[in-house]
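A.B. asks: Once you've had a glance at the structure underneath, I'll fire off some questions.
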Amino acid sequence: MPVSADRERELQNHYKISDLYPNAWPHSADADDDDDDLSDEDGGQNGGPVRQPSKNSNRQSKYQTLNRHASIRSAELGPDSLVQKDEPDPLGAAPSVAAELRKRGLPVDDTALRNKFLLSSTSFSPALFLSQVHQDASTEDLLRGLDYLGKSIEQKSASLKVLVESNFEKFVKAKATIDNVYAEMRTQGQEEPVSPRPSSGRPGGHSRGFSRSQPSSHFRTASGNTFSPTTAKSPGSAGLSDKRKNALTKESDYGTLGLRTPLQDLTIKAEEVWGPALGGREKEENVKMVLNALEVHKDIFRLPAAIHEAVLKQDFDTVVASWKSAQRFADQARSIADRAQQRGKHVADKEAQQILVTAKMWADVSQQIENYKKDVWKRLKTSHGVKSPAVADETDKEEHLELIGVLLQLGVDENPIWEWLHSRHQYLRDRIARAFERSRIEIEILRRRLAANDKQDTRLLARYLRSASSGSFGARSRVASRDMDASSVIHFWETVTASLSHLLSPTRGILGEVLDFWTVAQSFIDGKVQKTFPSSVVGSPSAQEHLELDPEEVQNLRAGALELVDLLRESTLAFFADSPPDDISELYSPIPPTPITPDSAATGALSPSQERKRMFTFDLTNLPPPSAKRGDSWEKFAFWPPFSNTLSGSHYLARVIALVGTAAAELASLSMVKQSQTGSENLKTMLGSVRERIVQALCASWTADTERFKYAETWQRSPERRDLTSMPTVLIAFKERILTNFQRVAYVAEASDATEDVVVPPPSKLLQAIRGSFVTSIYKVLSGMVENAERNKPRAGSGEQEDFDGAVVNAAVVGPGDENSMIDGAIDASNRNIRLLLTLSNISHLRSDIIPHLISNFETAFSVKLTSESQTVRDVLGQIDARLFQSYVKPTVDKLDRVVQDGISDPSWAPTSSRPDDARPYVYEVLLTLVLVHSEVSTTASSLTSQVLSHLLTTTSSSLLNAFTHTYPHYTLAALMQATLDVEFLAQTLNNYTTDKAGEIQSQIYLCLDERTDDEARKRLQGELPEMRGVLKRLREGTKGEFGCFRRERRGRAETGKGREGPAGAK
C-alpha cells in the first residue's frame, strides 16, 4: 500500500529520519530536546512538578549550546557533513587521530568508520576510540589525557563566559525580543493567547538569575505557552486552521507545512510530466561530453591506472615514465592558467576542462607516487639481511642501486644514498650486538650444563689422551676431532667455533658484511658507483642534489665504520677476557631501535622477552644454576668447556685464534682504520690479549692433563718394540700435537693476510709461560709413570695386589711360566716387578730418544734454547731411573745378600776333606735366584737383562767380600780352596755379565782371603790350582743345562748398564 506524502513526512519528522527505509537508527533520534521542553512547560502551567536541573544537567551545561547548534546544522546539512577528515587527539597523546589509525592498519578512508573515532562527529564512539587509539595507554596516560581534556574544555568555556559577561545586557534584550516574537508566532491560531510565564517574581520580564541558574533548560521555555502533546492533532487533519498551519510549532513543521505540501505535489506532477523528456536529453548531452573528454584527454585518464598497474608489477621504469608524463601534463595545465591570469581573461571551456581533468589526474597520481615512494623507502631501508651474503646473487646485491635510482627520478627531499648507508650501518651494529649476545648466552648455558657433572671419568680421559697416537710410532695419522674428547665437549667447541666464525669470518660472517659495507661506502664517497647510474637517473633534478655525499655525511660514514670495527673488537675481547657470569641476565642487552626492529608499540612487534624466546633454543625461564667453585682451572675462562682436555682445546683454539687474527688483519687493512690514530694499535692489543688468554687456558689445562696422564698407561706392549709399552708412543704423539697447536696459537700462524702491524711475534713473557708448562708437563708425566709402577695396595684376603685409584690398568693376567703369552704382548700388570721393568725400559727410551726429540722440536718451534732445562730434565730422568732400578733390584739384592751371609757363616761351609770338589749350596741358590730374575727380565724387558744381572753380580760379589771379611779371621788351605771355588764358579757362570766393578770386587775378595791365610797355605794353593781348574770345568759342564741362560750372548745396552752401574752399586 503506497504511503501518501503527508504520511511520509509525518513519519520522517516523528522518527527523525530522512528515508523510510534507513540502514541504521539515527543517533539524533535518541534524544528529543523539544519534547523535553514541552513536557517541562506543560508541567509548570498545569500545576505539576517542574523538573529541576540535576547534577548531570549542570555538568553538561557547557556542551548544551554546542549540541543545540550542532543539531541544527546536522538537520540542515545531514549527519557528519561538517566533520573534518582528521583532528588532534582530544586526550593530547597524538597530533593526528587518523595517523594513529593508519599505524594500526585500520581503513581510514572509510568515512563512517573514521567518524567513530572523531570527537566532532555525532557517531563518535568513546569505547571504540579508547580501545583502538589508546590500546597501549596505561592508567597514568589516561588520567593525564582526562586532565588535558578538562583543561581544553575549561579554556573554551572561559572564552564563552567572557563573551557572555561582556555582552550580557545585549543578550537579555535580544532574548526578550526573540521570545516575544517566537511566542506570538507559536501561539498563532490559538483561541486564547497565553502570556509568557513570569519568572523569579518578575512577570513579563527576564531574570538573569534564571538564565544562569538553569543552563540546561531550552530558551523557548522561558516565556510563552506550548501545546500539550496529548491535544495536538496530526498535520493532515481538517481541524487545523490556516493560522495554525503557519504557527512555529512542531506539528506544523514550524510554519512550512502550508507551503511544503502544495510544492511537493507540484514537484511530483512536474516530474511525472517533464521528467522523462528533460532527463533523456540531459543524459545524452552528458554522455557526449564525457566521451568527448575521454577521447581528447585519454592519455591523461590512462596515467593513474598505468601507474597503479606498474606499482603492482614492480615495474620501476613504467612508474618513472608515467610520473614524468604526469608532471608534463601538470606543467601544461599550470601554464594555461598562468597565461590566462597574465592576460586577465577567463580560460576557455576546453582549457578549463583540461585543467580540471589534469587536476583530478594529478591528485590521484600524486597520492599513488607518494605511497609508492614510502614503500620504496621502506624497501631500501629494510633490504639488508634479506638473504645471506653466501646465497645472495648479483641481482640481490644491486637491488639498492635500483631503488636509489627510482627515488632520485621520482624526486625526494632526503638523500637516498646516505639513508641506505646509514640504515645499513644501524643494521650491522644491531646484528653484531645480537649475534654476540646470543653466542655468549648459549655458550654459557652449555658451559653450566657441562660443569654440572661432579667427576670426570678417568678411563674416558685416558682414551681421549691416547687418541693423539694412531697407527705406528713413526707414522701417526691425523686425529679425528670427535675422538679427542667427549661428544658434549666437542659440541661446545663446535659451538664456540661456529659462533666466532659467524661473527668474524670475512666470507660468511658479519665481518664480511662490515668489509662489504665499507667497500660500498668508499665507492659512493669516491663517486664510482654514481657513474654506473643510467643517464635518466643522473639527469633528474634530485640526482643533481643528492648524488654526491656531503662532507658531513662522509665524516659520519667514517665514524660509523670505525664504530663497527670497535664493536667487533670489543665483542671479541670481551668473549675471551671476561670471566663466566654468575647472572646470565647480565648478558642481555636492550634491543636498539633500527629500521629492522621498529617500535613495537607502532607495529605490533614482539616484546624484548618474546624476541629473546624466539632467538634462543632453550627456555630462558629455566636456566641452569651457576657452576660450583671447586678450584678447577677452567672456572676462570668463559670460553673453555669444563672437564675438557688440552688435546681438543688446543686443536679448536688454534682454529679460533687464526680466525681472530685473520679478522684483525682484515679490519686493519681498511682505509679508515689506517687513517685512525689508534685503530691498528687497538686491534693489535686485542689480538695480543686474546692470544694471552688462550695460552693461559691451554697451559692450565696442559698441567692438569699431565697430572692425569698416568691413566693413559694401558700396560700393553708397543708393536714396534716389545720391551716398551704404548706409553712412550702416546706421550710423544700427545706432546708433539700439543706443541704444534701451541705454536699455531703463539704465532697465529694460520691467519691469512696477516700483517706485522697486527699479528706480532709472541712476547717473551708468553714464551716463558709455554716453556714452563712444557718442562712441568715432563716432570708430571714422569711422576705419573713412577706412581703407576710403584703405587699399589694389597687385596684383602689374597696375595694379589691392586690399585684403587686406577693408576694401574691390568691389561691381561698371565699365568707363571707362560712365556709365549708374554711374547704375544700380554702383560701381568698386577705384578709390581713387571711394571717396574717396563717403566724402567720406558724411561730409558724417554731419556735416550723421546725427551731429546721433544726438546729439539720445542726449540725449533719457538726459537729458544732449553739448555738449563734440558740438563735438569736429564738429571731428573737419571734420578727416576736409579730410583725405579733400585726399587726393582733391592728385594733380590737383599735376598742374595742374606743367602750369601747365611751360607758362608754356616758351620758346614768349611770343607771336611783336603780337596773340595763342589761349590757350596748357597752358590747354587744364588744362581737359581738369578735364573729366575733373568727369566723375568728377559721376557718383560730384554734390554734390561744385562744391566740387571750385571748389577746383581756386582752386589753379590760385594756380599761375598763382606761375608769373607767378617765371618772368618783365618782360612785354612781347604777353606781357602772352597772360597776360591765358590767365587770362581759364580764368576765364570756369570761371565757374560761381568763388569769392571765386579772384577775389581773379585780381586778384593782374593786379597781378603790372602790376608787371612799363612804362607804355607798360599804355596800349597799354587800347586792345587790345576786341580781346581778341572773341578770348575767339570762343574760348569755339569750345570750347563741349569745355567745355560747365562751363556747366551746378550745384546743389551751395555753402555747404559755401565753408566747406571755406578750410582746403583753405590747405593
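Per full-length UniProt numbering, the very first residue in the sequence shown carries number 1; after that it's consecutive.
Glycine included, C-beta positions come from ideal geometry on N, C-alpha and C.
When DSSP builds the beta bridges, which residues end up paired with R717?
C.D. replies: Answer by DSSP bridge pairing, in chain order: T725.
A.B. asks: By DSSP's criteria, D338 is part of a beta bridge. Which residues make up the other side?
C.D. replies: Paired residues: none, contrary to the question.
A.B. asks: With DSSP as the reference, label D40 as helix, strand or coil.
C.D. replies: Note that D40 has pLDDT 42, beneath the 50 cutoff, so the model's placement of it is unreliable and the number below is only indicative. The answer is helix: DSSP assigns D40 an H, G or I state.
A.B. asks: Does P625 pass the burial test, meaning 16 or more other C-beta atoms within 10 Å, or should it be called exposed?
C.D. replies: Per the 10 Å Cβ criterion, exposed.
A.B. asks: So, at 6 Å on beta carbons, what are the nonlocal neighbours of I732 in its own chain, with the 5 sequence-adjacent residues on each side left out?
C.D. replies: Result list for I732: I850, in chain order.
A.B. asks: From the DSSP output, in three-state form, read off A232 for me.
C.D. replies: Residue placement at A232 is flagged as unreliable, the pLDDT there being 40, under the threshold of 50; a coordinate-derived value is accordingly withheld.
A.B. asks: My guess is that V745 and L698 are in contact by the Cβ rule of under 8 Å, so how many angstroms apart are they, rounded?
C.D. replies: That belief holds up - the Cβ atoms of V745 and L698 are roughly 7 Å apart, short of 8 Å.
A.B. asks: Which word fits Q828, buried or exposed, when buried means at least 16 other C-beta atoms lie within 10 angstroms of its C-beta?
C.D. replies: Contrary to the premise, residue 828 reads as Asp rather than Gln in this sequence. The residue in question, D828, is buried, as its Cβ has 16 or more Cβ neighbours within 10 Å.
A.B. asks: Using CA coordinates, which residue listed in T187, K895, A668 is at the minimum distance from K250?
C.D. replies: If we check each option's Cα against that of K250, T187 comes out closest.
A.B. asks: Compute the distance between the beta-carbons of L401 and A521, then report whether it is under 8 Å.
C.D. replies: No; because the gap between Cβ atoms is not below 8 Å, this pair is not in contact.
A.B. asks: Do the stretch 879 to 892 and the stretch 964 to 980 meet, that is, are 3 or more Cβ pairs less than 8 Å apart?
C.D. replies: Counting Cβ pairs under 8 Å, fewer than three are found: no touch.
A.B. asks: Could you check the C-alpha separation between residue 1069 and L854 for me, to the nearest Å?
C.D. replies: Residue 1069 falls outside the range modelled here, since the chain spans only 1 to 1067, and no answer is possible.
A.B. asks: Let's test the definition: count the other Cβ atoms within 10 Å of the Cβ of K780 and tell me whether it reaches 16, buried, or not, exposed.
C.D. replies: K780 is buried by the Cβ-count criterion.
A.B. asks: Can you look up G817 in the DSSP assignment and give me helix, strand or coil?
C.D. replies: Caution is warranted here: a pLDDT of 38 is assigned to G817, below 50, making its placement in the model unreliable, and no coordinate value can be reported.
A.B. asks: Keeping to the same chain, check which residues put their C-beta closer than 6 Å to that of F436; ignore five residues upstream and five downstream.
C.D. replies: So the list reads S571, once near-sequence residues are dropped.
A.B. asks: For E398, report the span of its alpha helix (DSSP H) as first-last.
C.D. replies: Counting along the chain, E398 falls outside any alpha helix (DSSP H), and DSSP gives it neither H nor E.
A.B. asks: Is the beta carbon of L403 sitting closer than 8 Å to the one on R379?
C.D. replies: Yes.
A.B. asks: For my contact list, F709 and F639 are in at a C-beta cut-off of 8 Å; report their separation, rounded to the angstrom.
C.D. replies: Actually they do not touch by this definition, with Cβ atoms about 24 Å apart.
A.B. asks: So A462 packs on Y711, CB below 8 Å; how close in whole Å?
C.D. replies: About 4 Å; that satisfies the 8 Å criterion.
A.B. asks: Would you tell me roughly how many angstroms separate the C-alpha atoms of Q341 and A352, rounded to the nearest one?
C.D. replies: Each residue's Cα considered, the two are about 13 Å apart.
A.B. asks: With DSSP as the reference, label P262 as helix, strand or coil.
C.D. replies: Note: P262 maps to helix in three-state DSSP.
A.B. asks: For L837 versus L896, is the C-beta distance shorter than 8 Å?
C.D. replies: No, the pair does not count as a contact, with Cβ atoms beyond the cut-off.
A.B. asks: Of the residues L91, A99, A93, which one's Cα is nearest the Cα of K85?
C.D. replies: It is A99.
A.B. asks: Please state whether DSSP places residue 1126 in a helix, a strand or coil.
C.D. replies: This structure leaves residue 1126 out entirely; the chain is present only between 1 and 1067.
A.B. asks: Taking C-beta to C-beta, are Q743 and A749 nearer than 8 Å?
C.D. replies: Result yes, Cβ atoms of Q743 and A749 sit closer than 8 Å.
A.B. asks: So is T65 buried or exposed if we call it buried at 16+ other beta carbons inside 10 Å?
C.D. replies: Because T65 sits at a pLDDT of 40, beneath the cut-off of 50, its placement in the model cannot be relied upon, and the point is left open.
A.B. asks: Do the stretch 648 to 659 and the stretch 562 to 569 meet, that is, are 3 or more Cβ pairs less than 8 Å apart?
C.D. replies: In short, these stretches do not touch, since the Cβ pair count stays below three.
A.B. asks: Is the Cβ-Cβ distance between D723 and S841 less than 8 Å?
C.D. replies: Yes, they are a contact pair.
A.B. asks: Counting along the chain, where does the alpha helix (DSSP H) carrying F643 start and finish?
C.D. replies: Neither: F643 is in no alpha helix (DSSP H) and is coded neither H nor E.
A.B. asks: Which residues in the same chain as S958 place their Cβ atom closer than 7 Å to its Cβ, once the five residues preceding and following it in sequence are excluded?
C.D. replies: Only I1001 meet the Cβ criterion.
A.B. asks: Which residues bound the alpha helix (DSSP H) around C1045?
C.D. replies: Per DSSP, C1045 belongs to no alpha helix (DSSP H) and is neither H nor E.
A.B. asks: Give me the Cβ distance between A769 and V695, rounded to the nearest whole Å; I'm assuming they're in contact under 8 Å.
C.D. replies: Their Cβ separation, rounded to whole angstroms, is 6 Å, which keeps A769 and V695 in contact under 8 Å.
A.B. asks: To which residues of the same chain is A628 closer than 8 Å at the C-beta, ignoring the five residues directly before and after it?
C.D. replies: Closer than 8 Å at Cβ, skipping near neighbours: A451.
A.B. asks: Who are the Cβ neighbours of K381 in its own chain at under 8 Å, not counting the five residues just before and after it?
C.D. replies: Excluding sequence neighbours, K381 sits near E419, W420, S423, P595.
A.B. asks: Cα separation between R737 and S726?
C.D. replies: Cα to Cα, the separation comes out at about 17 Å.
A.B. asks: Locate the alpha helix (DSSP H) running through G688, then write down its first and last residues.
C.D. replies: Start and end: 679 to 707.
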